[in-house]
Structures are given as structure tokens and as C-alpha cells.
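Protein chains in written order, with the working numbering: chain A, 1 to 431; chain B, 1 to 235. Note that the Cβ used here is the ideal one computed from N, Cα and C, for glycine as well. A quick note: this is a predicted structure, and the numbers were derived from the prediction, not measured.
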Ligand SMILES: Nc1ncnc2c1ncn2[C@@H]1O[C@H](COP(=O)(O)OP(=O)(O)OP(=O)(O)O)[C@@H](O)[C@H]1O
Ligand SMILES: [Mg+2]
């Protein structure tokens, strides 16, 4: 018997008892549907995370923190008080001498490490307000100038190292009563900040750029130039009595050929009590969790498939029993046992193909529609820029289809073997 | 004399073991030559079907040998035996065994499909045989919608479609009325006469048996007498 005839006959036989086939297929559809949804969900969320990472731009960078800052092991219940540690983790406004912040000498140490081509210390400032020419004041949070590489510009240019420059997001155009991004370039604003004693002062800054919010979130808040950032930091430290040493919350370190030198730089940092992390390090953990969750969900899909495979076994066993005479006749007319086996396992495969294709298509439909509804404009998650909850990954869809067809084939082997073993004489005598 | 198409030597078939042991065939030795028509006759339970199944390589003897064209078959692989059955034999079974969901044409071309022949060639050969049996107009009918005589003719068509050397028929007229029986008999002996097909017919119908050149009379698993027709049978 030719393969094409085996396939055609199997297909015909599958549709002989339509209701029974349909019910078996439904069980597989449920499994395929679940797997498609869960794998699409994992792929979608991971894709979103990847896009966020890409938004950070340069991946030749290491983010360096003082190891003390992330040393705080989570403890069961309240942690015991440790005077050493307490002084170590000086707050944001303290003239950090150790612990959570990086000092000038730390920066120098980092600069001396092999393969480090540049160190960009990050100073965090907390200004109070931004004041426009007409005197209106707005609540202000500033982004770090270290993120300038990740800016997506609508107009003008990114704030650089020098000059008292500032970029604002497109949403802030309203404070100048305009929709034209170009129009605000060159406008000046006042930025107010309080010093240690609580006294407010302000500095003038010029708007040089208008930014769009990138997936990473960069560009959603105004960003100062380095000089402006430093000036604001200095103003905030005014009135501090004592040895005020410049402190940084972290440093962005450029590394030559990060892929090759990552480990050596990291270990050099560790020796100095510092912690270096790549973007992947920070995001990798998140993706690990997402993968784990989607695997657990896929587990439910697999359980559904397992149940469905017993459906296939049952359906085909009934079919073999019903068609005893037909099998006997085929064997009597010279069909080999191998071909009989092939015919029945092919029927299982047909059921598997039907179930997986329908399930995958339904899963794709549900995933895409659900994603559109949830993350689309006006949807419950519509506010999260660039969020995808479901992505089409052809490789895993093919994988799911192949897996299900494989399971169907395995489920078919028992009935098929039984059919192949039938003795033509017994089968022909069978009433 | 030429090599017989089928020959047996001391053929024994035992069913069951111990207390339920039943000797269905007790050592049969005979030959069937090409172009012969042979009737296996005997009472119910005498072992006719058992013998036919052994001759047709559908079953294996407990002891003894079946040889096809001088070659003992007991040493052959199952797959080879299946292929031999497909190539050389045609079967008309006691029951019709037609697939009710398929058309007459699909039913009768099953042996060719099993042989691995392409669909168009299959259908061409199928139509040829149906025309030969005056059934061409029923080719596209579902097998269920045929009368008993038409079903039996369809079965004969299925047996002939692969141009067999030997045609086995187990009670081919068992289910049919006298008139239809005669039509079927005419077809079988016509084939025998016109195409030289070797005919092995199991029957307890005296009429049918009388038309065969040789009659093997069976009783309790043994051939008790063997009769030869004096003159050539005319259909
Ligand atoms: N599988 C089996 N197990 C046990 N006994 C069997 C088996 N098959 C056949 N027999 C016995 O072998 C004997 C011969 O059976 P067989 O079918 O050859 O008879 P038959 O001559 O064809 O009879 P009928 O004319 O009724 O068809 C019978 O007594 C039957 O009961
Ligand atoms: Mg019988």
C-alpha cells in the first residue's frame, strides 16, 4: 500500500464516526490551546522585557554599586541591629562615606581596573519644582544624565556634559501651551531645590531637547545635563557642616569588549567591595521568573494532553474492535502487519494533527485578541507603553504541533499494535 | 507432469491442547495443478474451511507442508507470504466482507491498493473487471445498496482484480437463491474456462461440486474419496 493511500484511507476512516472523532479531537484542542496560550504569553512578556533592555542602548556597560547596598540579605523576621551596617548605609543625602554609596576614591579605583574605558558616576538629585517664564511651578523628578544614550528625541538634542541644559518629555509641552516641539527649544526655566538646611534656591536651565518615552521608560521625565545635575547636587549639599565628600549612588562603567572581559572586570570589582551588573544580569532574573511561570502554566496544558492521549487510545481501541473483520480482510488480501500498524497509527496522527491545528489556531486567535484588548488603547493594561502579553513564536508553535502529533502517535501505537496482531482467520470468523 | 500450483504433504491441523485438543486435519497429501477446478466437499465441521485457509496461506499447519509452485512456504517470512497472497490468490469468502461505506469500485480495488498500485490504474483495472461481470453500472454505488447476488459478484470482482493464478471460494453460493447461485457458478466456471484460472471451491452444494473436474470428499479431517469428472465440464 502506498503511503499516500495509507494517509488517504486513515483520513477517511477518521471521519467515519464523526462524533467520536470530534470528541477526541476536542480534548486535544484543549491541550493545544492551553500550550499555545502559555508559550505565547511567555514569549510575549519576554519580548517586552527584551525591548525594555534594548531601550537601555549600549550593552557594553556595567552598572556598579557599592556591594554594601545590595548586600542586605533578606532575613526571616526583623533583622538585628548592627551599628556598623547602619552607618554604612548612609542615606541619599548623607555625605556617604561608605556602604551604599560610591565615593570619589571608589571611582578612581574603578578607573584603574583593566579594560575599563570610562566611568560615569551617577549623582541623584531631588529638585523641588520647575518654574516656567510665566511663574507657574510644576512638581519635578529628574532622570540621571547617565541615561542620555537611551533618549529618543522628538526635537533638539540630548543634554550634554556642559551647559545648564535640560530636556523635557513631549507630555510637558503643555506647560508652554504649545504642541510644536521645536517651539520650546531655547526656552529657559527655573529649577528650585532645597539644601540641607531646608532653604530653597533655584538655577536657570535652558531647554535643548524634547524627548519621547522609550520602552525602557527613559525620556518620560526631564533630564538635566551633567553640569546642571552637578550644580543641583552642589546646591543641595549647601549648609552641610563637616567634611562633605562627593557621593554617587552608582557608576556607569564602559568596558572594552564586555562579552570577553565581563568576568575579569566583575571579579576585580568584587575584590574592591563593589558590585558590577550588566543589563542582562538585572533583567535575566526577571526573565527567569517569567519562564518558570510559563513552564508551570504549560504543565497544565501537558496534563490536558495526557488526558487527551487516553482519549485517543480509547477511541482507536473501539475502532479496532469494530473493524476486526475489515482488518482481517485486509490482512487476508495481503496487507502486511506493518502496514496495518501504519494505517492505525496514521489515524492517531490524523486526530493529533486535527486537534493541534485547531487548538493552535484558536490559541493564537484568543492570544492575539486578548492581547489587543488588554494592552490596547483603553484596555486595563493599555497604559504600559509597549507591553506585549502575547507573541507569536513560529518555532514554539511548530514545536507544540510536533509534540502533540508525537503524543497522538504514541497513544495510537497500542491500538495499532493490537490491529496489526489480529489473525486474519480469527478476524474473518469474528461475528 | 508439470509442477503443481499447490501441493500438500501430510498436512495436519490441531486446534487446542490437552482435553480440548481437536484434530481438524489428519495428514492430507494431494496436489492441485494449474488450470484445474477442484471442489472440497464434506459435511459441516469436516475441516473444509480449515484446509482452504491452509492452502491459501492464511493459516499455518501444525505439521506438514504446503508448497506453492514447488516451493515450501513454511520457511517464508510473513511479509513475503502476505505478498504472495496478494499476487497469486483471489478470495471469495463465505461472507461478503464488503465495506459498506465505500463504493463498489473502491471495494473491489482493495487488493490493488494493498499491492501499492496508483489510483487511476487501480480504477481502470477495477472497471475492466466490473464490465466483465456486468457490474459496471454499479461501480459508483455504495456497497450496502447492492442485492445479494450483486454483492457476491462484487466479491468475485475483488477476487479477480489482481489477475490471480488461483481463485479460492468458500461456499460462494451459500447465501444465494438457486437462480443467483447459477449465475455465480456460471461466472466462476466461465473464468476457469476462458482464462485458465485454477479454481478451489469449498462447498456442500452437490450441483456446484459436480461442475468441478475433481472433488475431494472430506470427513472428520480426512479426504475419504477423490472423484474425477469423466468429461470436461461445460458451464
Ligand atoms: N480456532 C479453532 N479452535 C478450535 N476448533 C476450531 C477452530 N477453528 C475450527 N475449529 C474446528 O475445526 C473443525 C473444522 O472446522 P471448519 O471450519 O474447517 O469446518 P468446515 O468443514 O468448513 O464446516 P462448515 O461447512 O460448517 O463451514 C470444526 O469442528 C471446528 O469446530
Ligand atoms: Mg467452512
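Heavy atom of ligand 2 within 8 Å of residue i beta-carbon
| i | result |
| --- | --- |
| residue 92(B) | no |
| residue 48(B) | yes |
| residue 39(A) | no |
| residue 44(B) | yes |
| residue 170(B) | yes |
Interface flag, residue i vs chain B, CB-CB below 9 Å
| i | result |
| --- | --- |
| residue 9(A) | yes |
| residue 5(A) | yes |
| residue 318(A) | no |
| residue 394(A) | no |
| residue 332(A) | yes |
| residue 441(A) | With chain A represented from 1 up to 431, any question about residue 441(A) goes unanswered, as that position is not in the structure. |
| residue 414(A) | no |
| residue 346(A) | no |
| residue 425(A) | yes |
| residue 326(A) | yes |
| residue 418(A) | no |
| residue 339(A) | yes |
| residue 403(A) | no |
| residue 336(A) | yes |
| residue 364(A) | no |
Status (buried if at least 16 other CB within 10 Å, exposed otherwise) for residue i
| i | result |
| --- | --- |
| residue 295(A) | exposed |
| residue 97(A) | Low per-residue confidence applies at residue 97(A): pLDDT is 38, beneath 50, and the placement is therefore not dependable, though the value from the model is reported in the following sentence. Residue 97(A) should be labelled exposed. |
| residue 8(B) | buried |
| residue 150(A) | buried |
| residue 323(A) | buried |
| residue 325(A) | buried |
| residue 138(A) | exposed |
| residue 79(B) | exposed |
| residue 147(A) | buried |
| residue 42(A) | buried |
| residue 91(A) | Here residue 91(A) scores only 39 on pLDDT, less than 50, and its place in the model should not be relied on; the value that follows carries that caveat. Result: exposed. |
| residue 318(A) | exposed |
| residue 100(B) | exposed |
| residue 59(B) | buried |
| residue 10(B) | exposed |
| residue 87(A) | Residue confidence for residue 87(A) is low, a pLDDT of 43 falling below 50, so the modelled location carries little weight; the figure read from the coordinates is stated next. Flag for residue 87(A) reads exposed. |
| residue 137(B) | exposed |
Heavy atom of ligand 1 within 8 Å of residue i beta-carbon
| i | result |
| --- | --- |
| residue 217(B) | no |
| residue 204(B) | yes |
| residue 347(A) | no |
| residue 325(A) | no |
| residue 33(A) | no |
| residue 310(A) | no |
| residue 426(A) | yes |
| residue 16(B) | yes |
| residue 55(B) | no |
| residue 22(B) | yes |
| residue 51(B) | yes |
| residue 122(B) | no |
CB contact below 9 Å: residue i versus chain A
| i | result |
| --- | --- |
| residue 114(B) | yes |
| residue 235(B) | Low local confidence applies: a pLDDT of 43 at residue 235(B) is under 50, so the model's placement there is unreliable, with the coordinate-based value given in what follows. Closer than 9 Å: no. |
| residue 84(B) | yes |
| residue 76(B) | no |
| residue 152(B) | no |
| residue 189(B) | no |
| residue 79(B) | yes |
| residue 205(B) | no |
| residue 101(B) | yes |
| residue 97(B) | yes |
| residue 93(B) | yes |
| residue 53(B) | yes |
| residue 194(B) | no |
| residue 118(B) | yes |
| residue 58(B) | yes |
DSSP bridge partner residues for residue i (one or two, in chain order)
| i | result |
| --- | --- |
| residue 121(A) | 251(A) |
| residue 224(A) | 166(A) |
| residue 33(A) | DSSP, once it has assigned bridges, lists no residue as partnering residue 33(A). |
| residue 240(B) | Coverage of chain B is limited to positions 1 through 235, which leaves residue 240(B) absent and any answer about it impossible. |
| residue 202(A) | 192(A) |
| residue 7(B) | 31(B) and 67(B) |
| residue 89(B) | 166(B) |
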